[in-house]
Amino acid sequence: MTEDKELQQFRDLMKPPDTWVDAFGLKAILGGLFVGLIMTPASMYMQLVTGADIGPAAQWVTIILFMEVARRSFTQLSRPEIYLLYYMAGATLVHSGIGQGLIWQQFLVQSEEMRKFGIADKIPSWYAPQSVDVLGSRSFLHREWLAPIGLMALGMVLSRFDNFGLGYIMYRITSDVEKLPFPMAPVGAAGVTALADASGGQETWRWRVFSFGSVLGMAFATIYLALPAVSGAFLPEKIEIFPLPFKDLTDNTERLLPAVPMMLSFDIGLVILGMVLPFWAMIGSFAGLVIGIILNQVLYHSGALHNWSPGMGAIRTLNSNTLDFYFSFGLGLTFAIAAIGFYHVFQSLRAARKMKGNQSGGERQGLAAFLHPPAGRGDIKLWIAVLIYVTVTSITILTAYILLRAAHKDGLGSEVTWVLLGVFVFYGFVYTPIISYVSARMEGIVGNSVNIPFVREATFILTGYQGAAIWFAPFPAHNYGSQTLYFRKTELTGTKIISMFKAEIFILPIAFISTLVFSQFIWSIAPVPSQSFPFTEKMWEAQAYRQGVLMSRTMPGGENSAFAEAFKPWVLYAGFGTAVASFGILRFFGAPILLVYGLIRGLDQAAPHVIIPQFIGALLGRFYFAKKFGDMWKQYIIVFFAGFSCGMGLMMMLALGLVFISKSVFQSPY
130 MTEDKELQQF RDLMKPPDTW VDAFGLKAIL GGLFVGLIMT PASMYMQLVT
180 GADIGPAAQW VTIILFMEVA RRSFTQLSRP EIYLLYYMAG ATLVHSGIGQ
230 GLIWQQFLVQ SEEMRKFGIA DKIPSWYAPQ SVDVLGSRSF LHREWLAPIG
280 LMALGMVLSR FDNFGLGYIM YRITSDVEKL PFPMAPVGAA GVTALADASG
330 GQETWRWRVF SFGSVLGMAF ATIYLALPAV SGAFLPEKIE IFPLPFKDLT
380 DNTERLLPAV PMMLSFDIGL VILGMVLPFW AMIGSFAGLV IGIILNQVLY
430 HSGALHNWSP GMGAIRTLNS NTLDFYFSFG LGLTFAIAAI GFYHVFQSLR
480 AARKMKGNQS GGERQGLAAF LHPPAGRGDI KLWIAVLIYV TVTSITILTA
530 YILLRAAHKD GLGSEVTWVL LGVFVFYGFV YTPIISYVSA RMEGIVGNSV
580 NIPFVREATF ILTGYQGAAI WFAPFPAHNY GSQTLYFRKT ELTGTKIISM
630 FKAEIFILPI AFISTLVFSQ FIWSIAPVPS QSFPFTEKMW EAQAYRQGVL
680 MSRTMPGGEN SAFAEAFKPW VLYAGFGTAV ASFGILRFFG APILLVYGLI
730 RGLDQAAPHV IIPQFIGALL GRFYFAKKFG DMWKQYIIVF FAGFSCGMGL
780 MMMLALGLVF ISKSVFQSPY
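In my numbering, the protein residues as written are 130 to 799.
So, in structure tokens, the structure goes:
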């Protein structure tokens, strides 16, 4: 199999170093404490107030602050040390996410929408207590919260260590064996390199480009993000020049393009990202978007998109189209990506066997590269990775079994049958490896992971389970494809992989304690939702309604749910056939493989507000900036994008500080 030039170009943008360093030490420990004590409450508060995720921004802010402290301490941060701080900040903030945390759980059990569906009083006590006295005290320091807190801690441990199981195995396959380019990996790695140069007192082109990107990011974030956040804190109405996160134009275009969600984003970051990602992947995505718009017209006029009606808006249009067609069509596309991926693996291994006789002892190809990684990289033994994966998945299934048995005894769910247990085993040991591999390949080729929507929900519905308990139990269907990106960044920055493992062990207790403490603190300030937390007041009941619609299908009388019609085998076959045929035809004519994967991505009901800016960025990068800056363009734009993200992060944290000041003033009784 011949390798696409653009694939090789992206893999050659930044070569791995010859040596790797264990970066876990005192600086990493201090960084973990800083993120846990400072960034965690900031992230939680921002999610409750604006719904924004400051995780990526907080990573860059953490690095810059520690660089300044190191500079004033007459020391410097090495590239591996900077990257480990970057990784630890991201991992800690993932742990502290509000969406599935204790604050959300206390809301859901009291949700008015859940009460309307008859679900609120059917939520198991191991998810959230039902006692009015306990909930009215607005405190997690009650015995009734021990089980939910314990399950939260268990979930943290399992989810993070499983990355070193199947996630690590996928990295070895896609990076070491298939040698995929991972186009987004040099972005973070180049940013880390630029900051490392600055920390060492070197004035390089990386630092200059990074600084220019940071200034632009700060300027844009001031208008796009900071102005609405700060004005909303100090004024009766916020000042919003550009609508967040997009402008819904569906009502304006639905007469011409019925059943097509049309959104417009003003985020310059998407345009810059289009310059970073592979050109042919962006062309393919845009082509898929155009084909999808045409396809929607055919489907609508033929009656296939029967749930859509004028005036629904973009989000409801996406939801209705998913139920009518794209749920099954997306399944077919994803299965096709898996089939194409397995075909590539087979071709790679076959080519490696043919070349084995001509290879030198130090060259690793195919299976040899999988079994024998580069020396000194700090790799985990494969048998340990397999053991982690099997152990974590088994514990997840066993925990779900115990919880569902307890719910059945309390009359909150049907009995756990062998069929249901078999479904859990299937998703843990069959589905999870497949979707993780598909996602890892997409991450390695086009810089985006892939997931199948509504798999968990559809499974619960199709199993015939009765009751609400299954929706709150752990489910062993995971996607670890995106974790391969972190392993690739680790390799490029010269950081030993074992450093990540040590960092996870250290930050787990910090993340758990800080999440619990700050959840308690936030809930004690005011009820959630309330006017003190505008995003929750506006959006959480709507989110609960969407969840309730799904959950009601497994409640008594839920046989008539629309999800019973969502799975259509012929549509699944059509999606699979379309993707495979597109791959075969385009490859026959010698089209880049990135065009193929981009096309498949665009066909899966891609969002116009993401695809169109990225397409514009790809055209600008290819036909203007590449000619202006020559061969160095790709390296420039990667460092520039890292600086742009950092600049936006700095401005977001400044705005958050002003919001905190505002809240402390207006909330104080004195």
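All C-beta atoms in this analysis are idealised placements derived from N, C-alpha and C, irrespective of residue type, glycine included.
Taking only three categories from DSSP, how would you classify GLY704? Start at 1 with the first residue of the sequence shown, and residue 704 comes out as number 575. Helix.
DSSP three-state label for GLY440, please. Taking the sequence shown and counting its residues from 1, the one referred to as residue 440 is at position 311. If DSSP states are grouped into helix, strand and coil, GLY440 belongs with coil.
Does ALA691 pass the burial test, meaning 16 or more other C-beta atoms within 10 Å, or should it be called exposed? Taking the sequence shown and counting its residues from 1, the one referred to as residue 691 is at position 562. Low per-residue confidence applies at ALA691: pLDDT is 43, beneath 50, and the placement is therefore not dependable enough to give any value.
Round the Cβ separation of LEU373 and PRO357 to the nearest angstrom and send it over; I've been treating them as touching at under 8 Å. Within the sequence shown, the letter at position 244 stands for residue 373. Within the sequence shown, the letter at position 228 stands for residue 357. Contact holds; Cβ gap of about 7 Å.
Going by beta-carbon coordinates alone, are PHE408 and ARG716 separated by less than 8 Å? The residue you call residue 408 lines up with position 279 of the sequence shown. The residue you call residue 716 lines up with position 587 of the sequence shown. Cβ distance not < 8 Å, so PHE408 and ARG716 don't count as in contact.
Comparing C-alpha positions only, which one of TYR753, PHE712 and VAL739 sits nearest to ILE729? Stepping through the sequence shown from its first residue, residue 729 is reached at position 600. Answer by Cα proximity: PHE712.
Only counting runs of 4 or more residues, tell me where the alpha helix (DSSP H) segments fall wholly within the region 707-733, in order along the chain. 722-732
Checking the sheet assignment: what are the DSSP bridge partners for ASP377? As a working note, residue 377 is residue 248 in the sequence shown. Its beta-bridge partners are MET392.
So the alpha helix (DSSP H) GLY551 belongs to, where does it begin and stop? Translated into the one-based positions of the sequence shown, residue 551 becomes position 422. Segment 547-555, the alpha helix (DSSP H) holding GLY551.
Apply the 10 Å Cβ neighbour rule to PHE616 and answer buried if 16 or more other Cβ atoms are within range, or exposed otherwise. Numbered from 1 along the sequence shown, position 487 holds the residue referred to as residue 616. Classification of PHE616: buried, given that the 10 Å Cβ count is 16 or more.
Which one of PHE635, MET411 and PRO258 has the shortest CA to CA distance from LEU723? As a first step, residue 723 must be located in the sequence shown, where it is residue number 594. Residue MET411 is the option with its Cα nearest to LEU723.
What does the alpha-carbon distance come out to for the pair TRP437 and VAL788? In the sequence shown, residue 437 corresponds to position 308, counting from 1. In the sequence shown, residue 788 corresponds to position 659, counting from 1. Roughly 40 Å separates the two Cα atoms.
Rank PHE195, ILE211 and ALA171 by C-alpha distance to the C-alpha of LYS625 and give the top, closest one. Taking the sequence shown and counting its residues from 1, one reaches residue 625 at position 496. Nearest of PHE195, ILE211 and ALA171 to LYS625, Cα basis: ILE211.
With DSSP as the reference, label GLU492 as helix, strand or coil. To locate residue 492, count along the sequence shown from 1; it is residue 363. Low per-residue confidence applies at GLU492: pLDDT is 43, beneath 50, and the placement is therefore not dependable, though the value from the model is reported in the following sentence. Three-state result, GLU492: coil.
Name the two residues that bound the continuous alpha helix (DSSP H) containing TRP336. Residue mapping note: residue 336 aligns to position 207 of the sequence shown, counting from 1. Residues 334-350.
Roughly how many angstroms lie between the CA atoms of LEU732 and LYS510, to the nearest whole one? Residue mapping note: residue 732 aligns to position 603 of the sequence shown, counting from 1. Residue mapping note: residue 510 aligns to position 381 of the sequence shown, counting from 1. Each residue's alpha carbon lies about 39 Å from the other.
Measure the C-alpha to C-alpha separation of ALA348 and GLY294 and round it to an integer number of angstroms. In the sequence shown, the residue the question calls residue 348 occupies position 219. In the sequence shown, the residue the question calls residue 294 occupies position 165. Spanning the two alpha carbons is a distance of roughly 41 Å.
C-alpha distance - VAL552 paired with GLY596, whole-angstrom precision: The count along the sequence shown starts at 1 and reaches residue 552 at position 423. The count along the sequence shown starts at 1 and reaches residue 596 at position 467. Answer to the nearest angstrom: the Cα atoms are 17 Å apart.
Span separating the alpha-carbon of SER240 from that of SER304: Residue mapping note: residue 240 aligns to position 111 of the sequence shown, counting from 1. Residue mapping note: residue 304 aligns to position 175 of the sequence shown, counting from 1. About 46 Å.
Helix, strand or coil for PHE630 per DSSP? Residue numbering aside, residue 630 sits at position 501 when the sequence shown is read from its first letter. Helix.
Reduced DSSP category for SER659 - H, G, I as helix; E, B as strand; rest coil: As a first step, residue 659 is located in the sequence shown; it is residue number 530 there, counting from the start. In this structure, SER659 counts as strand in the three-state DSSP scheme.
In chain order, what residues of the same chain lie with their CB nearer than 8 Å to the CB of THR382, ignoring the 5 residues before and after it? For the purposes of this step, residue 382 is taken as the residue at position 253 of the sequence shown. Cβ neighbours of THR382 beyond the five flanking positions: VAL389 and MET391.
Beta-carbon separation (whole angstroms), ILE639 vs LEU162, contact threshold 8 Å: For the purposes of this step, residue 639 is identified with residue 510 of the sequence shown, where counting begins at 1. For the purposes of this step, residue 162 is identified with residue 33 of the sequence shown, where counting begins at 1. About 7 Å; that satisfies the 8 Å criterion.
What do you get for ILE790, buried or exposed, if any count of 16 or more other CB atoms within 10 angstroms of its CB means buried? The sequence position of residue 790 within the sequence shown is 661, counting from 1. Its Cβ having fewer than 16 others within 10 Å, ILE790 is exposed.
Host alpha helix (DSSP H) of VAL164 (start-end): Within the sequence shown, numbered from 1, the residue matching residue 164 stands at position 35. No alpha helix (DSSP H) holds VAL164; DSSP gives it neither H nor E.
At which residues does the alpha helix (DSSP H) containing TYR353 begin and terminate? Reading the sequence shown from its first residue, position 224 is the one you call residue 353. Segment: none, TYR353 is in no alpha helix (DSSP H) and carries neither H nor E.
So if DSSP puts GLY596 in a beta bridge, which residue, or which two residues, is it bridged to? Within the sequence shown, residue 596 is the residue found at index 467, counting from 1. Partner(s): GLY542.
Over what stretch of residues does the alpha helix (DSSP H) that includes LEU237 continue unbroken? To locate residue 237, count along the sequence shown from 1; it is residue 108. Looking at the DSSP string, the run of the alpha helix (DSSP H) that includes LEU237 is 231-239.
Per the contact definition of three or more C-beta pairs closer than 8 Å, is the region 732-746 in contact with the region 393-404? yes
Looking only at DSSP bridge pairs, what is THR624 linked to? One-based indexing of the sequence shown puts residue 624 at position 495. According to DSSP, which records beta bridges pairwise, THR624 is partnered with VAL150.
Does DSSP classify LYS756 as helix, strand or coil? Reading the sequence shown from its first residue, position 627 is the one you call residue 756. Reduced to three states, the DSSP call for LYS756 is helix.
Nearest neighbour of LEU237, chosen from PHE705, GLY759 and MET680 [CA to CA]: For the purposes of this step, residue 237 is taken as the residue at position 108 of the sequence shown. If we check each option's Cα against that of LEU237, MET680 comes out closest.
For the alpha helix (DSSP H) that contains ASP291, what are its first and last residues? Here residue 291 corresponds to residue number 162 of the sequence shown, with the count starting at 1. Taken as a continuous stretch (DSSP letters only), ASP291 belongs to no alpha helix (DSSP H), as it is neither H nor E.
Classification of ARG301 by the beta-carbon crowding that lies within 10 angstroms, buried from 16 upward: Start at 1 with the first residue of the sequence shown, and residue 301 comes out as number 172. Its Cβ being crowded by 16 or more others within 10 Å, ARG301 is buried.
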